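Shown next, in structure tokens, is the structure this report addresses.
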Amino acid sequence: MKKHTKTIKTIKIDVDKCNGCRACEVVCSSFHAMPKYSSNNPARSRIRVIHEPLRDVYVPVYAGDYAVAECAGRDKYIIDGKEYDECAFCRAACPSREEFKEPDSGLPLKCDMCEGEDEPLCVKWCLVDALTLEVREEEVDEPDARGEEIEFEAGLESLVNRFGIDKIADMVAQLAKKK
Ligand code: SF4
Ligand code: SF4
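Mapped onto this note's numbering, the consecutive letters of the sequence shown carry residue numbers 5 to 183.
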């Protein structure tokens with residue numbers, strides 16, 4: 005299979021440096037507001053700073069992929085002898101909790117690395133460098149166009165099944181206006 009070089013961007017999280025200021029949540033929700041920067045509501049942020057379970061440490065968590073169903077097995081985390089809630093660090097929007105869902109529509113949210121910006125805004129606004137951007141080049145297989153298409157169709161189908169075609173169509177229309 006043909007290879008090509010892909011730029012991989014990763015945001016590194018240093019929990020020890022995070023002071024819980026939540027500037028990352030504010031700027032993320034504001035960037036994704038429609039129109040852009042018209043409001044800020046951390047419930048719409050694609051990064052959430054988890055605090056409740058321990059009350060003595062802040063853990064930023066990025067929104068990942070939407071999960072169609074609740075997971076069968078959940079993780080428990082023990083850090084410094086303290087047990088964290090089993091869903092505390094999960095990145096998925098899923099049917100069993102409200103995190104990473106758009107509050108009005110209930111649609112899942114996912115970090116898009118601030119598409120169109122040179123640097124993710126949460127990284128830029130984190131003044132204590134708890135969030136830092138790492139960029140590396142990796143050799144990967146040439147993507148199979150049909151494979152990507154199938155994956156896209158499957159993802160779209162699961163969203164339509166869960167939220168209904170009207171809601172998805174409304175969301176697409178809003179996104180189109182934003183562009
Ligand atoms: S901006 Fe940085 S320090 Fe503030 S809550 Fe977010 S990750 Fe933590
Ligand atoms: S990279 Fe951008 S979209 Fe992702 S969490 Fe940070 S501010 Fe939000």
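All C-beta atoms in this analysis are idealised placements derived from N, C-alpha and C, irrespective of residue type, glycine included. Here the structure is a predicted model, which means the values were calculated and not measured.
Any non-hydrogen atom of ligand 2 within 7 Å of residue i CB
| i | result |
| --- | --- |
| L111 | no |
| L131 | no |
| Y81 | no |
| I51 | yes |
| I17 | no |
| D116 | yes |
Assumed close pair residue i, residue j - CB separation to whole angstroms, cut-off 8 Å
| i | j | result |
| --- | --- | --- |
| Y62 | N23 | 7 Å |
| K7 | V139 | At roughly 19 Å, the Cβ-Cβ gap does not stay under 8 Å, so K7 and V139 are not in contact. |
| C98 | E119 | 23 Å between Cβ atoms; not a contact. |
| E142 | K10 | 5 Å |
Where residue i falls, given that 16 or more other Cβ within 10 Å makes a residue buried
| i | result |
| --- | --- |
| P64 | buried |
| I51 | buried |
| A96 | buried |
| S33 | buried |
| L131 | exposed |
| E29 | buried |
| P39 | exposed |
| Y70 | buried |
Contact set for residue i: own chain, Cβ-Cβ below 8 Å, skip 5 residues either direction
| i | result |
| --- | --- |
| S109 | F167, K171, D174, M175 |
| V164 | I172 |
Residues of its chain near residue i, where Cβ-Cβ distance is below 7 Å and the 5 sequence neighbours each way are ignored
| i | result |
| --- | --- |
| E106 | R48, L113 |
Any non-hydrogen atom of ligand 1 closer than 7 Å to residue i Cβ
| i | result |
| --- | --- |
| L135 | yes |
| G68 | no |
Proximal residues to residue i (C-beta, below 6 Å), its chain only, five neighbours per side dropped
| i | result |
| --- | --- |
| S100 | E74 |
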